[in-house]
Every structure is written in structure tokens, then in C-alpha cells.
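Chemist: Just so you know, the protein sequences line up as chains A and B, in that order.
FYI, the numbering for the first sequence is 1 to 499, going by this note's numbering.
FYI, the numbering for the second sequence is 500 to 860, going by this note's numbering.
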Amino acid sequence: MSTNLKISNVTKIYPGCVANDNISLEFESGKIYALLGENGAGKSTLVKILSGVIMPDDGQIFLNNKVLKLNSPIDAKKNKIDMVFQHFNLFETLSVFENLIIDSNETRENLREKIKSTMEKYNFSIDLDVPVLNLSAGQKQKIEIIRCLIRSPEVLIMDEPTSVLTEQETSELFSSLKQFSEEGILIIYITHKLKEVMSICDEVAVMRKGQLVSVSKIIDEKIETLANKMVGQNLKTVKKKISKEKSKEQLIKISNLNFSSEDPFETNLKNVNFEVNRGECLGIAGISGNGQSELFQILSGEIISESNSVLFNNNPIGNLNPQQRREYLMAFSPEDRMEQAAIPQMKIFENVALNNFKSSNFFNGGLINEKKIKEHSKKILSDFSVNTDNVELKSQFLSGGNLQKLIIGRELITSPELLICFNPTWGLDVGAINYIHETLIKINEQKKSIILISTDTDELLKLSDKICVIYKGKLSKIMDAEEVTSEKLGILMGGGEIV
Amino acid sequence: MKLFKIVKRDEASKLIFFLTPILAIILTLIFGALIFYFLGFKPLEALKFFFIVPINNVYGFSELLLKATPLCLIAIGLSFCFKSNNWNIGAEGQLTFGGIVSGGVALLFYGQEGFYILPIVVLAGAVGGMLYALIPAVLKTYFNTNEILVSLMLVYVSKLLLDYLVVGPWSNPEGFNFPETRQFSESARMPILFEGLRIHAGIFIALAAVIISWVVFYKTYLGFQMKVSGFSLKTAKYAGYKGKTMILLVFMISGACAGLAGVGEITGPIGQLHRMISPDYGFTAIIVAFLGRLNPIGIIFASLVVALTYLGAETAQIFLQIPKYTGQVFQGMILFFLLASDYLLFFKIKFLGMKKNELRH
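What follows is the structure, encoded as C-alpha cells:
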């Protein structure tokens, strides 16, 4: 029995963003398909459509050449499409068995038999009567997989299945997946990890910014070609910044920085060392989820580290919070504009007040000095060409580009010595991207420094003086931007070595 | 074919934000009337006894203010917590503990007179409530406990403590073993505002709380930080606000307000400690806070509306023999309809015409 799943011209539009732009794909059973893309590329939206969680605005899905109308996850399950989500949906205090029977209407005895035979067949060994909370992440995932298998699925979708697994567990998962595939289950494997794609998938579809970039056989691809498809505008010649005489004066130094998180969905940082001189831009490349967010938070002070692990102007500041760091003239532009850098429901001037440095006098004696904040906000709006002069406007009415200009403006109006920014142009249109890039170049010209953490290789090559790559929480060696090519970055981002 | 479609609003509507509490009240009245009808009462007459008769004379109106005072005060305190995403459900416990502490102090001054006594008693109540609210706050900030559970369970702890005190060590030696303390001395009582009415000076404390909270919310750095934390904890962290201190602070403010409400009750209409110093004002104030949209002015109105359900239930019991617990039914309905109509804040109902391109739905 063979299964054929076809996605035809599927489009899904969210306010302000096209999550899936006219996507067409075809899958056949017996193969493992990779759906590859950065965070926000639209993979999740696509598989949510396939599993009935959301409905497309346009387009159709065909299963074995019949139109499939999926109004809910139940419809998907009825049509034998099952999905293992990245975050486990398990009741921690219930036993494994209880978790498995929750959404089934078969009798307990029947089900126990079925589960046992399924587990034997695939060599899974889990005690069915222990509470889930005692199990490792790999075992929990097996429960989720068993839950799908007992419904004998025809299509199995795995969403970032290895993000919480150890190496050992990952290789076990891979051999199971191969076994499922040989038995005729169509497997769609969603990931942004290139090595995994290379090692278990047969075909790969790459998505970027809501669009399907390419569909190809794995044997025709290499890690770096995939990396480029995923993150860059594919080797389009980009103009590097002309670097002038560089100062050797060190501004920030990170030494022996380690971070280990209790949250399995976060990345641990291992022995991070780097320094940035005045007037310099250090680019940190990498595929998202390799520790960039953790590194940003440590640099901004949202995560406190040992005081000596971060030296700024020779001051130990590792244990200071963001507000205290601002007093040393550091500025931060986080990745998430809408949920972290700004509050969309608040007015522009209120968002400006988030950067409250002492000399601003925004809050005198504990009272809000609205007049002062508004004056300051007006200056930001005009200096950074935000397309409004109404400081009372709620920030949610600004476009992404204008909001980012406002944020960068808010951070830069204090003339900081160092700006740390994380994906500053993510999701912006070309005009806004250019404006932000020009602004960042201007800062360097004024002998101010930048740490640019970005998943956009072209952006890094254009703006950086020095570049390194972060992979699984470790930094590669730091290279001069002149000697870096996107091929080299691609290899490093995929976990490879370069000579 | 669908006749209508639920569409997400681009922006939460400001008008709807203040209209939904009114909508909730109207729905409550309609469904209340239905309930009365099915219970065999004339709906309009029952509603009249519930909502109009209680306040159609000066005494009734003063009773309304008397009941609204603690509700308003507690709800103002709670709004500090709720605005910054801290879910203090235990105001009733903080009220009780504040009452215990201030009552204890008032008993210390038994038989003594002096202008200084009342301020000390009031302060003791505020501090008592504040300390009691600090327990869930400290456990939340340093041990990651859930403040909803801890604050709620502490309500029963304080109620049992009060029980123990009024039947045990603090019971009135000449009280024939009734579970109550001695009457406080005149100097430990809230001054009565008008001869013959029970309304007391506690109302000024509530009004002061309204004004202070308005200033704090809208004019101070503290209020700004609370607003930011309420919208997004990630942003608060990024801006460098001290999250833990803020949690402790809002709990302390909230506890102090609840404690003051307790003081108002025992030094006002009650005049002693006994088992029932509050008809669940601490819980009902949660409804008041949300009905008033966590806005100081809104809370004033909400506290009057909800206080009326207390009075109405009593009147209806007297004149129509409707159980007074109907009052709680009304309070429950208000909250239910408010939460339900909040859906309209984020979604709108779009009626579909017979447009050609929509026929295939």
C-alpha cells in the first residue's frame, strides 16, 4: 500500500505576514522527507495545516488523490495523519499507560495488548506503569510516537524531534524512523538541523520567509548548499563594508563564559571567549537555536553571569542587570520586536521610556516626566526617520520596519559605546533593511562597536569586521571578514570544520 | 452555509473595553429575572426588591456605601497585583489577618481612651495584612510556588486562627462563652459619619486608596514598571526592572489594603472580633476588580454595583423569602458574563452576506 500526499497551492496569511505563500509539494510513502527552514520560515504553519490545527486561506490538500478537508486535528487523525509535536503533550503525573489511553475509545485490555505488540515490534522498552515525570526526554518522545503508532498512521509528521534528545537517543530515533519508513509510513521531518537532514532524509524541501525555495534529493545536496538556501540570498554578491584603520583598543571582553540551563529547550553555552575592539563590528553567525538567544541575554544582562566573565572597558559587569549595564553605555536590540523590545499596546513615548538611563531624567523622584520623554521621543522619531511624529500613537500601528527604527533609535540616541543586536532586520522590507544597515555602518564609523548576532549570512558579510559562528553553544574561531565566504560559514553552521 | 463568522479584531476595542462590564450587568439582570421566574417569583418585582428597594432611602444608601467601602479598598489593592500579573486570590485571608492583628491591638487598649489609639489600631491592621500577603509573595519569588494556591489556602489558615482566638484566649470573659471578644473601647472605633447611620470614616481610607492608586498607576515610575511587567515579563526583564522586588511590593500593597478593609469592618460596624468579620468581601473584591477593569474609577462603580447584590439579597430574603445566597448567584453571574463578553474584546462577529466568493464555505 502506498500513500501519496499532495499539497497544492496552499497559502496562509497572518496579519502583516505571509506564512505560506502558494506552496505546492508532493510526498510518497517509503521515503523520509525533510522540511527545512529557519524559525519563522513557515514550516510549522504548513504542518499545522497538514495536521488540521489551522486551516489554509487558499489551496488544497490531497491524500491518495482525494481532496482532504481538515477542519480539526481529529479530521487529520481520522485520515491517518499523525504528528509528534516538538513540545510534549503529556500529563506528567499520570502513568505512561494512562497517557496513552486518554484519546482512545478502545478498551483498556485491547489497548494494552496493542501497545505491547507495537513496542515489541519496534524494540521500544518503557515501563507502562511508571509516571511520565520519571522518564527522560527520549522516553517521553517514544510515548508520543507510540501514541501515533497505535493508530496505524499513514503519514507521520515529526516537528523538530531531536531538540531535546541526546546523541544516543537521536540515533535510536533515526533507526526507528527508518523502520517506519520501510513499513510504508510516509514521514515528514521538520528541522533546521542540516546534519540530520543529510543523515536520514531522502528528499528535502527548503522554505524561507514563507516561500518554498527548493525541492531536491539529498544525494544532490551538501550541508553548505542547504545552509545557503536556508539563510541567504544565495551567494548574491554583497558589498562588504570598507574597513578603515582599526583601533586596537579593547572594549568588551568575554572570557570563559559558561551557561547551563535547566530548561531542556534552551541551549547551553560552553566556554565562550571573544573580544571586540572600539569601532569594530563582530558578527556571530549560526542557524537559530544554537545558543544565540542565550548569548544575547547574557550580554544584555537578562541572564546574570559571573561578574568577571564579561569585562566592559575593564569593568566586570557580568552580574549587572540590563539597566545597570546601560549606565556603562551599552545598548541592546533584542530579536523579538513585538514581545520583548517593545510593547505593541503601549504608546510610542512609553516604549521610549523603556530605555531609562540615569541622565535621561525620564523619571524624576519616582514620577513620570512625560514632557521630557515626549521631547526625547520626538527627537528619535525625526532622527531615525520613523514615518510618524505622533508620540501618542500605539506602537502596534507602526510597521515592522518603523518599529525597528524606533527601537534602534531608542537604543542609539544615548550614543552608546556598544550596541548588541540580534537579528535586527528580520522580517523587514528592503528599504528598512538598508536603513538599518546604513545606521549600523555609521555607528562603526563613529568609533562605536557592534555585536551583531544574526542568522542572515549576507547581512553578516556586509556589516562585520570579524565573524565567528555559533554551533551548539560553542563559538568557532574568530575570523577576519575578508577571508570569510558564505561557503565557509555554511560548513561551520552545519557543524563542520574548516581548515 | 454559515451565517456568521468569528473574526479576530486587529486591536482590542477601547469602547468595548468599557462597554462589556455594562453588557455583563445587563445579561446578569436578564438571567436573574429568568431564574426568579423559574423559582416562581414575579421577575420584575423580584428585581425591584433586589436592586431598587434596598437603596430607595437614606439609610439604605448609606448601607450601600458601608458595604462598598471594603470591596472598593480590597479591589484597589488587588488591582496592583492583577495589573502586574500576580494572582493574589487570598485577600480574604489578608483581611482576616489584618483584622486579627488590629483587633488584638484594640483589645490591648481595652478600657482606655485616647486620640492615638485608633491610628495605632489602623496601622496594625495594615501591617498585619501586608505581612500576611508577603507569605505567598516570598514563596513565589524565592521558591517558585504558585501564588494562587498559597494565597488561597492561607485564607483558611487565618480564618481558623481567628476561630481559635475568639473561642479561646481572646474570648470575652463575661461573654457566656459566645465566640467573640470584648467590645473595643470607643477610642478604637471608627468615627461614625452621621448620627443613626452605620457609615464610618473608613470610607475616607477607601477614597484615599483610590486617589493614591490612580497617581501610582498613571504618574509614577513604579506604576510604569507594573504596567510593563503586566504586558510582558520579557520586556520588563529586558528593561532591567527588578522583578522580585516588584512582586513583593504589589503583594504588600494588596495585603495592606485588605488588612485596612478588615480594620474598617471590626472597628466600624462590628466593634469586636467574632467568627464572621467578613461575608467573603475578599473573594467578592476579585469580581469588583475585574468588573472595574482594574481602573481606580471603574472600581468605585463596580464596588457599588456588587455591594448592591449584598443588600439586595438581604432585602429579597426579608420580603420575598428568597434565600440570601441568591446574592452570590448574582455575583457569580456578573463575573461569568464579564469573562464571556471579554471574548468580544478580541473577536468580532461578522455576519456573512451572500457574496459570491463566500458561497463555497
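Glycine included, every Cβ here is placed at the ideal spot set by N, Cα and C.
1. Relative to the C-alpha of K501/A, which candidate in V96/A, S104/A, S175/A has its C-alpha closest?
2. Considering just the uninterrupted stretch of the alpha helix (DSSP H) at C756/B, what are its terminal residues?
3. If you run the structure through DSSP and keep just helix, strand and coil, what is V204/A?
4. Between the alpha carbons of T11/A and N20/A, how many angstroms are there, rounded?
5. Q267/A: which of E275/A, G289/A, Q60/A, N423/A sits nearest, CA to CA?
6. Pull the bridge partners of E28/A from the DSSP assignment, please.
7. M775/B to E591/B, Cα distance in whole Å?
8. How about A738/B: is its C-beta nearer than 9 Å to some C-beta of chain A?
9. Could you check the C-alpha separation between L653/B and G589/B for me, to the nearest Å?
10. Determine the direct distance from the alpha carbon of T766/B to that of L934/B, and round the result to whole angstroms.
11. Whole angstroms is fine: what's the gap from F296/A's alpha carbon to K466/A's?
12. Could you tell me which residues DSSP puts in a beta bridge with D58/A?
13. Counting only beta-carbon separations shorter than 9 Å, does S889/B have a partner in chain A?
14. Just mark S207/A as buried or exposed, buried being the case when its beta carbon has 16 or more other beta carbons within 10 Å.
15. Unbroken beta strand (DSSP E) runs of length 3 or more, entirely within the region 52-114 of chain A: which are they?
16. Whole angstroms are fine: how far does the CA of G490/A sit from the CA of E482/A?
17. I want to verify the contact list: residues of chain A whose CB lies under 7 Å from the CB of K718/B, in sequence order.
18. Does V484/A come out as helix, strand or coil in the three-state DSSP assignment?
19. For the region 321-339 of chain A, which residues have a CB atom closer than 8 Å to at least one CB atom of chain B, in sequence order?
20. Tell me the DSSP secondary structure of K193/A in three-state form.
21. Contact defined as beta carbons within less than 8 Å: I believe I287/A pairs with T455/A. What is the distance between those atoms, to the nearest angstrom?
22. Looking at L440/A: is its Cβ nearer than 9 Å to the Cβ of V469/A?
23. State the DSSP-derived secondary structure class of P161/A, mapped to helix, strand or coil.
24. Which residues in chain B sit within 9 Å of I506/A, going by Cβ to Cβ distance?
25. Since I599/B contacts L696/B with CB under 8 Å, what's their CB separation in whole angstroms?
26. Near L311/A, which residues of its chain fall below 6 Å by C-beta distance, leaving aside the five closest residues on each side in sequence?
27. Could you check whether G279/A and G30/A sit closer than 9 Å to each other, using their CB atoms as the reference points?
28. Please compile the residues from chain B whose C-beta is within a distance smaller than 8 Å of the C-beta of G301/A.
29. Assuming I799/B is part of the alpha helix (DSSP H), what are its boundary residues?
30. Please return the same chain residues whose Cβ sits closer than 7 Å to the Cβ of E327/A, not counting the five positions on each side in sequence.
31. Does E266/A come within less than 9 Å of chain B when only Cβ atoms are used?
32. Go through its chain and collect everything with a Cβ distance to Q324/A's Cβ below 8 Å, but skip five positions before and after it.
33. What would DSSP say about T388/A, mapped onto helix, strand or coil?
34. Report the partner residues of H699/B according to the DSSP bridge assignment.
35. Can you look up T825/B in the DSSP assignment and give me helix, strand or coil?
36. By alpha-carbon positions, which one of K513/B, Y809/B, N587/B, E673/B ends up nearest to E646/B?
Modeler: Walking through what the data contain:
1. Within the shown structure, residues of chain A are numbered from 1 to 499, placing residue 501/A beyond reach of any answer.
2. Here residue 756/B is taken as the residue at index 257 of the second sequence, counted from 1. Run containing C756/B: 742-764, per the alpha helix (DSSP H) assignment.
3. The residue labelled residue 204/A in the question sits at position 204 within the first sequence. Of the three classes helix, strand and coil, the one that applies to V204/A here is strand, per DSSP.
4. Taking the first sequence and counting its residues from 1, the one referred to as residue 11/A is at position 11. Taking the first sequence and counting its residues from 1, the one referred to as residue 20/A is at position 20. Looking at the two C-alpha atoms, the distance is approximately 5 Å.
5. Residue mapping note: residue 267/A aligns to position 267 of the first sequence, counting from 1. Before going on, a small fix: residue 267/A reads as Thr here, not Gln. Nearest of E275/A, G289/A, Q60/A, N423/A to T267/A, Cα basis: G289/A.
6. Residue mapping note: residue 28/A aligns to position 28 of the first sequence, counting from 1. The partner list for E28/A (beta bridge, DSSP) reads N4/A.
7. What you label residue 775/B is simply residue 276 of the second sequence in a count that begins at 1. What you label residue 591/B is simply residue 92 of the second sequence in a count that begins at 1. Cα to Cα, M775/B sits roughly 12 Å from E591/B.
8. Numbered from its first residue, the second sequence carries residue 738/B at position 239. Yes, because at least one Cβ of chain A sits closer than 9 Å to the Cβ of A738/B.
9. For the purposes of this step, residue 653/B is taken as residue 154 along the second sequence, with counting starting at 1. For the purposes of this step, residue 589/B is taken as residue 90 along the second sequence, with counting starting at 1. The straight-line gap from Cα to Cα measures roughly 7 Å.
10. Since the displayed chain B opens at 500 and closes at 860, residue 934/B lies outside it and no answer follows.
11. Here residue 296/A is taken as the residue at index 296 of the first sequence, counted from 1. Here residue 466/A is taken as the residue at index 466 of the first sequence, counted from 1. F296/A and K466/A: Cα-Cα distance of roughly 17 Å.
12. Sequence index remark: in the first sequence, residue 58/A carries index 58 (1-based). DSSP, once it has assigned bridges, lists T11/A as partnering D58/A.
13. For residue 889/B there is no data in the structure shown, the boundaries of chain B being 500 and 860.
14. Position 207 of the first sequence, counting from 1, holds the residue named residue 207/A. It is worth fixing the name first, because residue 207/A is Met in this sequence and not Ser. M207/A is buried by the Cβ-count criterion.
15. 58-63, 66-68, 81-84
16. Within the first sequence, residue 482/A is the residue found at index 482, counting from 1. Within the first sequence, residue 490/A is the residue found at index 490, counting from 1. E482/A and G490/A: Cα-Cα distance of roughly 16 Å.
17. Indexing the second sequence from 1 puts residue 718/B at position 219. Result: L367, I368.
18. Residue mapping note: residue 484/A aligns to position 484 of the first sequence, counting from 1. Coil at V484/A, not helix or strand.
19. N321, P322, Q323, Q324, R325, R326, F332, P334, D336, E339
20. On the first sequence, position 193 is the one that residue 193/A refers to. Three-state result, K193/A: coil.
21. In the first sequence, counting from the first residue as 1, residue 287/A sits at position 287. In the first sequence, counting from the first residue as 1, residue 455/A sits at position 455. Confirmed, about 6 Å.
22. In the first sequence, residue 440/A corresponds to position 440, counting from 1. In the first sequence, residue 469/A corresponds to position 469, counting from 1. In this structure, V469/A does not lie closer than 9 Å to L440/A by Cβ.
23. On the first sequence, position 161 is the one that residue 161/A refers to. Of the three classes helix, strand and coil, the one that applies to P161/A here is coil, per DSSP.
24. With chain A covering only 1 through 499, there is no way to say anything about residue 506/A.
25. In the second sequence, the residue the question calls residue 599/B occupies position 100. In the second sequence, the residue the question calls residue 696/B occupies position 197. With 8 Å as the limit, I599/B and L696/B do not qualify as a contact, their Cβ atoms being about 27 Å apart.
26. Walking along the first sequence from the start, residue 311/A turns up at place 311. Only K253 meet the Cβ criterion.
27. The residue labelled residue 30/A in the question sits at position 30 within the first sequence. The residue labelled residue 279/A in the question sits at position 279 within the first sequence. No, the Cβ-Cβ distance between G30/A and G279/A is not below 9 Å.
28. Numbered from 1 along the first sequence, position 301 holds the residue referred to as residue 301/A. The contacting residues are G739.
29. Within the second sequence, residue 799/B is the residue found at index 300, counting from 1. 795-819 is the extent of the alpha helix (DSSP H) around I799/B.
30. Taking the first sequence and counting its residues from 1, one reaches residue 327/A at position 327. Here the set comprises F357, K358.
31. If you number the first sequence from 1, residue 266/A lands on position 266. For E266/A, the answer is no, since every Cβ of chain B falls outside 9 Å of its Cβ.
32. For the purposes of this step, residue 324/A is identified with residue 324 of the first sequence, where counting begins at 1. Counting only Cβ-Cβ distances below 8 Å, and skipping sequence neighbours, we find G301, I317.
33. To locate residue 388/A, count along the first sequence from 1; it is residue 388. Three-state result, T388/A: coil.
34. Looking up residue 699/B in the second sequence gives position 200. The partner list for H699/B (beta bridge, DSSP) reads I691/B.
35. Against the second sequence, residue 825/B aligns to sequence position 326. Here T825/B sits in helix by DSSP.
36. The residue labelled residue 646/B in the question sits at position 147 within the second sequence. Cα-wise, what sits closest to E646/B is N587/B.
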